[in-house]
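Heads up, the final residue of the sequence shown is numbered 215 in the working numbering, and it's a clean run with no missing numbers.
Cβ coordinates follow ideal geometry from the N, Cα and C atoms, glycine included.
Everything on this sheet refers to the single structure shown next.
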Amino acid sequence: RGGVLCKLINSLYPPGQEPIPKISESKMAFKQMEQISQFLKAAETYGVRTTDIFQTVDLWEGKDMAAVQRTLMALGSVAVTKDDGCYRGEPSWFHRKAQQNRRGFSEEQLRQGQNVIGLQMGSNKGASQAGMTGYGMPRQIM
């Protein structure tokens, strides 16, 4: 379990810069759990948010496999968003994370924006009561 995750995170780095240089092939529970923990630390360093990272017992005891899946999806999204050439999978498997897109407005544009009445304030266009009958009046059907 842990060895596969360590190989996964190492594959997202250029050769020689892997965060987990020695991956143990031991089947001992302690070693496997240690490798899961190493993967989680490396995933956080890579850019996966702390809130997206599962706990070691979630995988080891199979308690919350959905959390494990969320972590792997978040890792894939970060890898696709980085676009540094290390991720070699299909980019459409993961969504790209939103990137900052600041916009600058001149003082003139800001003043003009204050003169616009938003549609939240109401409108005299579109739906109207034209053709409606008053309450209590019978509708004429021919």
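Just so you know, the alpha carbons of GLU180 and GLN187 end up roughly 11 Å apart.
In this structure, ASP125 places its C-beta atom within 7 Å of the C-beta atom of THR144.
In the DSSP annotation of this structure, the continuous segment of the alpha helix (DSSP H) that includes GLN182 starts and ends at 180-187. In summary, LEU78 is buried, with 16 or more beta-carbon neighbours lying within 10 Å of its beta-carbon over all protein chains present.
For the options ILE96, ALA147, TRP133, SER99, the alpha carbon positioned closest to that of ALA116 is the one of ALA147. Distance from the Cα of ARG161 is smallest, within the candidate group ARG74, PRO87, GLU98, for PRO87. For ILE82, the enclosing alpha helix (DSSP H) starts and ends at 75-83. Taking GLY75 as reference, the option from MET101, LYS136, GLU91, TRP166 with the minimal CA-CA separation is MET101. Taking every protein chain shown into account, the CB of ALA152 has 16 or more other CB atoms within 10 angstroms, so this residue is buried.
The residues ARG74, ILE109, VAL141, in chain order, have a CB closer than 7 Å to that of LEU132 in the same chain once the five nearest residues on each side in sequence are set aside.
For the pair ILE93 and GLN111, the CB atoms are nearer than the 7 Å cut-off. Here LEU85 has TYR119, ALA152, CYS159, TYR160 as same chain residues with Cβ atoms under 7 Å from its own Cβ, once five neighbours each way along the sequence are excluded.
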